[in-house]
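The structure appears right after this line, and notes come after that.
Residue numbers (our numbering), protein chains in the order written: chain A, 1022 to 1329; chain B, -7 to 510.
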């Protein structure tokens, strides 16, 4: 009894002393509770025959029926594969590029040039997805698009890229990199700014080249940041930005473009099947959870860097 | 509390009134109640919500004694979302109206969220009763699976939607005739492609184009195929009492084979899949497009707007060319009944007053108010007909927008009057409509079915996937990445595996229940 009392007493004194810190923490905690933990209550509709009017409580249980429906559907299985392929490819090609960009920016000495170049590569991040889609459609248009004009100039036949399943992924991933690589480099630049300058100073004294400094100092120092970013990316592997896909795909390219979220979007549109969509979302979350756990464990094992 | 006792009193009074044999004064007075009654309404559309300050609302309040107070917000432009939020909140107003009503009320009405209207109309709404008695097909189309009506629909007037259009000045230039059948249409398109009708020395003409690729599919009608039986794309149609889908028919197969050929020969816009909604504007203003299938009013408008830019520009409606079996069909028409309208919720304490108020808009006086706005402000009565004032007709603002801004022509439950639109249609549109009227090319529409819970489950489970597959194959065939003749048997077999026959089965059972067996 005494132990508990003294612990409570300690906690109250602790909160009183550090209240500013807790106050700063509060918005995030509240946000998590309101928008992430509270909605978890609603996840049960994945196992119910849900009607918005009857509400969550009033709807009857149907067990795993929605999951049977999903996994009995070839198009859903295909959407899972497409999601995994598109995400893995964008991870493979999209992840190193911001790091490379950051390293390059770090090596630029002329400040004016550096700032201008940075602004230019950040810019696409602030353009809305609808506009990006418009730019992509125009750029790849068979009659007036810059890409096809180049092909024609080379003496090749123009290609109607956006109706060709084999071209969808490169175009989607490429435009994603174009849009986000610059902005993604900011976090690595910040990490580089945190490297202790004395390391570089002593390296200069020892006669190290810039190349050697990059390999031996910069990269090892930002490696924890890289690994953390990688783990986060892996956790989001199943979350493909579906707005851009919806704006770019056609029935003709569903075979490579249709991902879990777009599949759900179309299913949900016909008949407002929230319960089915919730089931797919739950599946998505479980897979993401396993992925992030695995990535974290591997990273912890080999590099001692981990999210937790 | 006071409001509650007041409304209770009114209900009792109205209840008493309704027991007296019919309404002797139903037509002489539009008053619904002597004491002013305020009802709350959630009325949402993509562009606006109900406005208590609309002149039409104020006028209606003056004449009926019932005023509506809006609770919907413009926080979202998506009416389905607004509706979902409202239903999920559980706090229902007296009236729900606006866009996306039909499916929603037919699902949540039987679950207890909305009041069934059949009885109320029968007893208290003589004008609506008269209308629905005269139009049993409309009544059947909007009823839920339990046979009850749960909303009063917006009933558009005017039959014609889209038509075939051709650059008649190009025809004259190339000394060609308006195509009468599908072979002649083919020849005209080839001529447009090869003979440089725009005279710029380049082979840049796009013989056939559409604003959406789905619209282009209607070409299969020329090979006796079908695409959609309604306003909605890829919808079912009814053939002699049998529900069918166009995309499994022989005519469709034949049509797709020819569309693929036309597409390959560049008679159809090569970029039709990505050019999007701006294509008509672009192709017409750049003097590139030859033939299209689009809405009367907006398409004929280019004759006026292009007159300066392209000298001699003339884009006229032409009769649908004969199909291979000699039929002339215009597959698209305006739907006679919209999913928009308004409904009475289960929370409404004054259903009788509300239905009487709804009925006001079906009276001659109310219908005129909902169509033309305020007499003296927007229109004058000339020889017993409402005629828009000159300042309304010549204003910079389109008439429909002027009407919306005062609360007329908004999708409440009302009967539109085509005379409203006719007064401001351009002469090219009227000419085209007269041509289509004369030929009588329209075919009956499929007005949809209301599923019961079991049927809905089957439909939801199979249809989205099957339709997806249909569209994937369809585009692959048109783009030439596979061959319709080679794929056809496997395609039908795959649809069977995907549960398409089950979908047709539930469509048929719902159809038979609703419209009666043939």
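From the three backbone atoms N, C-alpha and C, an ideal C-beta is built for every residue, glycine too.
Please name the residue in the options whose C-alpha comes closest to that of residue i.
i: residue 1235 of chain A; options: A:1227, A:1221, A:1246 and A:1248; result: A:1221
i: residue 449 of chain B; options: A:1084, A:1327, A:1328 and A:1294; result: A:1294
i: residue 1107 of chain A; options: A:1260, A:1135 and A:1090; result: A:1260
i: residue 1273 of chain A; options: B:471, B:487 and B:498; result: B:471
i: residue 205 of chain B; options: A:1184, A:1277 and A:1068; result: A:1184
i: residue 417 of chain B; options: B:201, B:296, B:439 and B:313; result: B:296
i: residue 1157 of chain A; options: A:1265, A:1278 and A:1217; result: A:1265
i: residue 436 of chain B; options: B:335, B:492 and B:232; result: B:232
i: residue 394 of chain B; options: B:38, B:46 and B:254; result: B:46
i: residue 1105 of chain A; options: A:1282, A:1051 and A:1145; result: A:1282
i: residue 1241 of chain A; options: A:1140, A:1278, A:1134 and A:1213; result: A:1213
i: residue 319 of chain B; options: B:325, B:311 and B:462; result: B:311
i: residue 1149 of chain A; options: A:1268, A:1248 and A:1071; result: A:1268
i: residue 1166 of chain A; options: A:1181, A:1175, A:1276 and A:1245; result: A:1181
i: residue 343 of chain B; options: B:102, B:115 and B:202; result: B:115
i: residue 82 of chain B; options: B:60, B:90 and B:106; result: B:106
i: residue 94 of chain B; options: B:39, B:440, B:66 and B:168; result: B:440
i: residue 246 of chain B; options: B:259, B:216 and B:278; result: B:216
i: residue 377 of chain B; options: B:390, B:388 and B:359; result: B:359
i: residue 407 of chain B; options: B:122, B:509 and B:484; result: B:122
i: residue 27 of chain B; options: B:56, B:480 and B:271; result: B:56
i: residue 1204 of chain A; options: A:1039, A:1126 and A:1217; result: A:1126
i: residue 286 of chain B; options: B:425, B:141, B:467 and B:25; result: B:425
i: residue 277 of chain B; options: B:493, B:301, B:284 and B:53; result: B:301
i: residue 120 of chain B; options: B:141, B:283, B:137 and B:271; result: B:141
Would you kindly report the start and end of the unbroken beta strand (DSSP E) that includes residue i?
i: residue 372 of chain B; result: 371 to 374
i: residue 333 of chain B; result: 333 to 336
i: residue 228 of chain B; result: 228 to 231
i: residue 35 of chain B; result: 29 to 36
i: residue 88 of chain B; result: 87 to 90
For residue i, does the three-state DSSP call read helix, strand or coil?
i: residue 563 of chain B; result: Past the boundaries of the shown model lies residue 563 of chain B; chain B is included only from -7 to 510, so the question cannot be answered.
i: residue 1074 of chain A; result: coil
i: residue 384 of chain B; result: helix
i: residue 314 of chain B; result: strand
i: residue 67 of chain B; result: coil
i: residue 500 of chain B; result: helix
i: residue 218 of chain B; result: coil
i: residue 286 of chain B; result: strand
i: residue 403 of chain B; result: coil
i: residue 329 of chain B; result: coil
i: residue 446 of chain B; result: helix
i: residue 379 of chain B; result: strand
i: residue 456 of chain B; result: helix
i: residue 474 of chain B; result: coil
i: residue 260 of chain B; result: strand
i: residue 212 of chain B; result: helix
i: residue 1157 of chain A; result: helix
i: residue 1029 of chain A; result: helix
i: residue 247 of chain B; result: helix
Check for me: the alpha helix (DSSP H) holding residue i runs from which residue to which?
i: residue 171 of chain B; result: Per DSSP, residue 171 of chain B belongs to no alpha helix (DSSP H) and is neither H nor E.
i: residue 61 of chain B; result: It is not in any alpha helix (DSSP H) - residue 61 of chain B instead sits in the beta strand (DSSP E) that spans 58 to 62.
i: residue 1323 of chain A; result: 1295 to 1324
i: residue 1248 of chain A; result: 1240 to 1256
i: residue 351 of chain B; result: 343 to 352
i: residue 419 of chain B; result: 419 to 431
i: residue 361 of chain B; result: 356 to 364
Exercise. Unbroken beta strand (DSSP E) runs of length 3 or more, entirely within the stretch 177 to 203 of chain B: which are they?
Worked result: 198 to 201
For this session: Closer than 9 Å, Cβ to Cβ, to anything on chain A: give me those residues from the stretch 447 to 478 of chain B, in chain order.
Result: 448, 449, 451, 452, 453, 455, 456, 457, 459, 460, 461, 462, 463, 464, 465, 466, 467, 468, 470, 471 and 473
Exercise. Using Cβ-Cβ distances below 8 Å, what residues of the stretch 58 to 90 of chain B are close to chain A?
Worked result: 72, 76, 79, 80 and 82
Exercise. Using Cβ-Cβ distances below 7 Å, what residues of the stretch 93 to 106 of chain B are close to chain A?
Worked result: 100, 103 and 105
Exercise. Residue ranges of each alpha helix (DSSP H) run of no fewer than 4 residues wholly in the stretch 145 to 169 of chain B, ordered along the chain?
Worked result: 160 to 165
Exercise. For the stretch 1063 to 1083 of chain A, which residues have a beta carbon sitting closer than 8 Å to at least one beta carbon of chain B?
Worked result: 1072, 1073, 1074, 1075 and 1076
Exercise. Which residues, in chain order, does the stretch 1156 to 1177 of chain A contribute to contact with chain B at a C-beta distance below 7 Å?
Worked result: 1158, 1162, 1163 and 1164
Exercise. Taking only runs of the beta strand (DSSP E) that begin and end inside the stretch 1043 to 1122 of chain A, which ones reach a length of at least 3 residues, in chain order?
Worked result: none
Exercise. Given a limit of 7 Å on CB to CB distance, which residues of the stretch 1252 to 1273 of chain A reach chain B?
Worked result: 1271, 1272 and 1273
Problem set entry | Runs of alpha helix (DSSP H) lying entirely within the stretch 1185 to 1235 of chain A, each at least 4 residues, in chain order | 1186 to 1214, 1218 to 1226 and 1231 to 1234
Exercise. If contact means a Cβ-Cβ distance below 9 Å, which residues of the stretch 249 to 263 of chain B contact chain A?
Worked result: 262 and 263
Problem set entry | the stretch 259 to 293 of chain B: positions lying closer than 9 Å to chain A by Cβ | 262, 263, 265, 266, 267 and 268
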